[in-house]
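Written out below as structure tokens is the structure these notes cover.
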Amino acid sequence: MKFPSPYTLNQIATIINAEYVGHDDFPVLGMNEIHVVEKGDIVFVDHPKYYDKALNCAASIVLINKKVDCPEGKALLISDDPFRDFNILTLFFKPFIKAQNNISSSARIGKETVIQPNCFIGNNVVIGDNCLIHSNVSIYDNCVIGNNVTIHSGSVLGSDAFYYKKRPEGYDKLISGGRVVIGDNVDIGALCTIDNGVTGDTTIKKGTKLDNQVQVGHDTVIGEKCLIASQTGIAGCVIIEDEVTLWGQVGITSAVTIGKKAVVLAQTGVSKSLEGGAYYFGSPAEESREKLKQLAYVKQIPFILKKLEK
4 MKFPSPYTLN QIATIINAEY VGHDDFPVLG MNEIHVVEKG DIVFVDHPKY YDKALNCAAS
64 IVLINKKVDC PEGKALLISD DPFRDFNILT LFFKPFIKAQ NNISSSARIG KETVIQPNCF
124 IGNNVVIGDN CLIHSNVSIY DNCVIGNNVT IHSGSVLGSD AFYYKKRPEG YDKLISGGRV
184 VIGDNVDIGA LCTIDNGVTG DTTIKKGTKL DNQVQVGHDT VIGEKCLIAS QTGIAGCVII
244 EDEVTLWGQV GITSAVTIGK KAVVLAQTGV SKSLEGGAYY FGSPAEESRE KLKQLAYVKQ
304 IPFILKKLEK
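When we follow the numbering used here, the leftmost residue of the sequence shown carries the number 4, and every step to the right adds one.
Structure below.
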């Protein structure tokens with residue numbers, strides 16, 4: 004998430020009431036999670052296990068809960084609770100704005116686009132030309148939708164990321180300040196849910212088709228011309244490359260990559276990255292022919308045991 008204009012380190016520290024290490028006028032351009040940070044961004048870290056990774060990533064400013072040596076060319080924000088202060092900054096730069104109408108006056112809707120009754124179109128939404136948005140679709144604030152997109156009834160775009168920190172009193176949510184971005188010629192089935200990025204974009208690229216009841220987690224990027232069948236669940240920060248096929252009830256854990264033109268068969272559980280151009284099956288996912296051979300061998304076990312008994 005980039006700020007509308009550059010801020011200084013001193014200004015950011017004032018917003019969250021934090022100490023800092025660095026020049027008062029050190030430039031701060033935005034804030035992001037560690038997997039998408041760029042120069043000028045703030046990244047937060049609150050566990051010693053990840054200190055080195057955060058201090059050495061592309062971010063220029065590290066929001067951290069311990070005084071440490073500051074890497075050259077960077078700045079630190081010292082906080083007793085970086086998670087809390089990251090949320091404060093998200094709300095400062097992306098405050099929640101209550102809707103006044105079913106279709107916001109700030110929404111931009113393209114030529115020949117049809118919005119069926121009972122839809123909600125939030126603030127600053129952009130919808131391209133020749134789209135068809137069926138009834139009871141909710142498109143939350145700041146979503147961007149390309150041309151020739153169809154979204155079927157009951158789907159929700161831009162809901163909050165499923166991202167929580169466990170505290171003694173319960174779970175504390177990391178507030179979503181990102182967007183959902185949908186490319187041209189995408190079809191989204193009924194009752195699909197596509198979560199906002201935490202600070203970046205959840206992206207579905209051009210030509211991809213989603214069946215009904217598909218869940219797409221925060222900051223996931225789905226490539227071009229993918230096919231995703233019903234009841235597939237995709238966690239956050241997943242990368243699905245171009246022309247991947249996911250059949251029904253596939254489950255994908257966070258932060259994995261599925262390579263170009265891979266095919267993942269129904270009811271497969273993906274727990275690690277998969278190379279492209281192959282078929283996969285099972286949980287955990289394996290190359291499908293090998294997995295099916297294993298299942299065939301398992302079926303032979305009762306006969307083998309009978310022979311051994313004799």
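Ideal placement from N, C-alpha and C gives every residue a C-beta, glycine not left out.
The region 140 to 192 is shown to contain whole beta strand (DSSP E) runs of 3 or more residues at 159 to 162, 167 to 170, 173 to 176, 182 to 185, in chain order. With contacts defined as CB atoms closer than 8 Å, G161 and D144 qualify as a contacting pair.
Per DSSP, reduced to three states, the secondary structure at V24 is strand. Taking 8 Å as the cut-off, the beta carbon of G251 is found closer than this to the beta carbon of A232. Annotation: N121 to I136 spans about 10 Å, alpha carbon to alpha carbon.
Excluding the 5 residues flanking it on each side, V128 has same chain C-beta neighbours closer than 6 Å at A110, I142, C146, in chain order. For I178 and V301, the gap between their C-alpha atoms comes out near 47 Å. Collapsing the DSSP output to three states places I18 in a helix. Counting every other CB atom within 10 Å of its CB across the protein chains shown gives D49 a total of 16 or more, marking it as buried. DSSP places T205 inside the beta strand (DSSP E), whose first and last residues are 204 to 207. P51 is classed as exposed because its beta carbon has fewer than 16 other beta carbons within 10 Å across all chains shown.
Looking at the DSSP output, P30 sits in a beta bridge with T11.
For T93, the enclosing alpha helix (DSSP H) has its first and last residue at 85 to 96.
If you ignore the 5 residues before and after C60, its C-beta comes within less than 8 Å of the C-beta of I37, V40, V46, all in its own chain and listed in chain order. Annotated three-state conformation of Q297 is helix, per DSSP. Boundaries of the alpha helix (DSSP H) around L58: 54 to 58. Measuring C-alpha to C-alpha distances from G181 to each of T17, V71, T11, M34 identifies M34 as the nearest.
The beta strand (DSSP E) runs of length 3 or more contained entirely in the region 239 to 286 are, from start to end of the chain, 282 to 284. The residues I18, I19, in chain order, have a CB closer than 8 Å to that of I91 in the same chain once the five nearest residues on each side in sequence are set aside. For A78, the pairing in a beta bridge is given by DSSP as I64. DSSP places K302 within a helical segment (H, G or I) once states are collapsed to three. Rounded to the nearest angstrom, the Cβ distance from V266 to I243 is 12 Å, too far for a contact under 8 Å. Going by DSSP, T196 is part of the beta strand (DSSP E) stretching over 196 to 198. Residues of the same chain with a CB within less than 6 Å of the CB of V71, apart from the 5 flanking positions on each side, do not exist.
Contact between F86 and D222 does not hold, since their C-beta atoms are separated by about 17 Å, which reaches or exceeds 8 Å. Taking K101 as reference, the option from N126, E290, L194 with the minimal CA-CA separation is N126. Under DSSP, the beta-bridge partners assigned to V224 are T206, I242. A direct Cα-to-Cα measurement between V159 and E312 gives close to 58 Å. Judged by DSSP in its simplified three-state form, I118 adopts strand. F47: member of the beta strand (DSSP E) spanning 44 to 48, first to last residue. At a Cβ-Cβ threshold of 8 Å, G173 and V152 do not count as neighbours.
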